[in-house]
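Written out below as structure tokens is the structure these notes cover.
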Amino acid sequence: MSKERRNRGWYGMIDKDGFIRRSWMKNQGFPDHAFDGRPVIGICNTWSELTPCNSGLRELAEGVKRGVWEAGGFPVEFPVMSLGETQMKPTAMLFRNLLAMDVEESIRAYGMDGVVLLGGCDKTTPGQLMGAASVDLPSIVVSAGPMLNGKWKGRDLGSGTDVRKLAMDVKAGDMSLQDFMATESGMSRSKGVCMTMGTASTMASLSEAMGLSLPMNGTLPAVDARRLTLAHMTGKRIVEMVEEDLKLSDVLTKESFDNAILTNAALGGSTNAVVHLLALAGRVGVDLTMDDFEIGGEIPLLVNCMPSGQYLMEDFCYAGGVSVVLKEIAHKLRSANTVMGKDIAHYYDEAECYNRDVIFAYDQPLKPAAGLRVLRGNLAPNGAIVKPSAASDHLLEHEDEVYVFETIEELKANIDRDDLPVDENTILVLKNCGPKGYPGMPEVGDMPVPAKLVKKGVRDIVRVSDARMSGTAFGTVVLHVAPEATAGGPLALVKTGDRIKLSASEGVLELLVDQVELDKRRAEGSPPEPHYTRGYAKMYVDHVLQADKGADLDFLVGKDTRPVTRESH
Ligand code: FES
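Okay, so the sequence shown: first residue is 7 according to the numbering used here, each after it adds one.
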């Protein structure tokens, strides 16, 4: 170690300021030698009873602490805002950037040399990484891990995915409401995140693929003792990372983002990875754009997990996990550094697959060329996305009339009307659900299939919006249309009866209305009234970037690694 550790600016001074910091910390029983210059490791914890997915993080924090002490460091756990996807209104995504601010300023203000990020539920992992990236200390991820497989009457139940499927069965009259409610307890049987390949497991798996965590972080079940071991080993490793001055920006390179995009395609991972990766890249100054996601388009689907397949995260783990996927796509991966200080190849060199029904081989995939598709056209000048692996093949090339919902309230009030003028070919359009419009870009893009169609056996139709959808959702759903309607995007101009052309193969999303008519509609229209006039939500609406820029706040892009020199007293 040549340069002085950061913590010396807090705990190394033999004066009044050093006295104050050490003395107050000693009220927790920390001995003198905790302040002798050893690496101070922050454990950034998003544990909360209101974020059930992260409810195992307290135990994992203890595991990290054991590892830090063992390696000669000084662990200090601190809480940050927690974002419970299923519990927050109007949407946890509204607060991802607030969590990122909390993480960034906590890391910057306190005297730590490195940080372990304990996250899990959807927005917690990206929010923590974004905040940490803007300070750029040595940082490493430990994820909460997925719940055990859901179970009901001898069958597996997948978080989110089966809620939607079973709710549709109830709508169709194929399942009683009583049976539906009975699945509630069987679906969530242990601590941990959704055990489908939803956004949480996608981001945990991508953390592994980007080399931001130790191997197996993506898949080990939350309650598997080996996850506690992983936490312990991560505690040891972060101390070494401080010694090596291996910063987040040494791992978060363009190559690691490319690897995340390739891996996400093979996983059948969440569409939400797009906004999170774009936002994270913006923090570290990596030039990542929507176009970069096109490299995923040629990657086949290898992982047979819901919502794109049939199995769950426990099965994926026991089949060998993320490292097997990395090995299958190794010929596509870029050479990239990891928190181990070794190339990503180190994570998969010795990987072995134990179940080919769960992880398919590259040359015998579950589905060919199934990665996310970027769509462009006069309806989405800055892009939109669709997830072919979770869509119906026959709808990915489609042109027909649209039925428009101007707001989410209009949709909820009318979607199941018997006289809704739609059929299985109609394209549903939902407006004003983007970053500024809702606000917060919620997961409502997978609009329910109208009851009158479900009763006829229809399970999927084309849907287009400026919203996101849950990583556990499925269907032929065009998302993240940018610019959004509320920001004056062309989506605002669509009227019921217009025609839209979707072509996933050509990457096209076109509104088939001539420009003269669109100009006329624009001149006649006016933007909707804002929902919030004060507080964080107002700041968010005033500053949020569009989906193609990751929906970060404009003033949070980039990083500031300057030392904090002023004292508090
Ligand atoms: Fe938290 Fe799915 S709701 S991970």
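Each residue gets a CB set at the ideal place from its N, CA and C atoms; glycine is no exception.
| query | Taking Cβ to Cβ, would you say Val483 is nearer than 7 Å to Val410? | reply | no
| task | Spell out a yes or no on whether the region 82-94 and the region 249-266 are touching, meaning 3 or more CB-CB pairs, one atom from each, closer than 8 Å. | result | no
| task | Report the rounded CA-to-CA distance for Val330 versus Leu268, giving the unit in angstroms. | result | 14 Å
| request: Let me know the secondary structure DSSP gives Phe186 once reduced to three states. | output: helix
| task | Assign Arg469 to buried or exposed, taking buried as 16 or more other Cβ atoms, counted over all protein chains shown, within 10 Å of its Cβ. | result | buried
| What number of angstroms, rounded off, separates the C-alpha of Leu372 from the C-alpha of Met319? | 17 Å
| request: Apply the 10 Å Cβ neighbour rule to Asp566 and answer buried if 16 or more other Cβ atoms are within range, or exposed otherwise. | output: exposed
| query | What whole-angstrom Cβ distance do Gly224 and Ala271 have, given they're in contact under 8 Å? | reply | No, Gly224 and Ala271 are not in contact; Cβ-Cβ is about 15 Å, not under 8 Å.
| request: Select from Leu459, Asp558, Val408 the residue whose C-alpha is nearest the C-alpha of Ser471. | output: Val408
| said: Could you tell me the alpha carbon to alpha carbon distance between Gly481 and Val122, rounded to whole angstroms? | reply: 36 Å
| task | Note down, in chain order, each residue of its chain lying with its Cβ closer than 8 Å to the Cβ of Arg232, except the 5 sequence neighbours on either side. | result | Met222, Leu226
| task | Could you check what DSSP says for Ala2 in three-state terms: helix, strand or coil? | result | The shown model of the chain, from 7 to 575, leaves out residue 2, and the question about it has no answer.
| Excluding sequence positions up to five away, which residues of its chain have a Cβ less than 7 Å from the Cβ of Pro132? | Arg102, Met209, His282, Ala285, Leu286
| query | Should the region 69-87 be regarded as contacting the region 157-172, the criterion being three or more beta carbon pairs within less than 8 Å? | reply | no
| Val483 (DSSP reduced to helix, strand or coil) | strand
| query | What are the residues that DSSP puts in a beta bridge with Trp158? | reply | Arg161
| Looking only at C-alpha atoms, which of Asp168, Arg64, Pro533 sits nearest to Lys197? | Arg64
| From Gly48, Ile20, Arg12, residue whose alpha carbon lies closest to that of Asp38 | Ile20
| message | Shorter than 6 Å, the distance from the beta carbon of Glu91 to the closest heavy atom of ligand 1, or not? | response | yes
| request: With DSSP collapsed to three states, give me the class of Ile350. | output: coil
| query | Taking Gly126 as the reference, which of Tyr317, Ser149, His404 has the closest Cα? | reply | Ser149
| said: Between the alpha carbons of Ile421 and Ala178, how many angstroms are there, rounded? | reply: 14 Å
| Any heavy atom of ligand 1 closer than 6 Å to the Cβ of Cys323? | no
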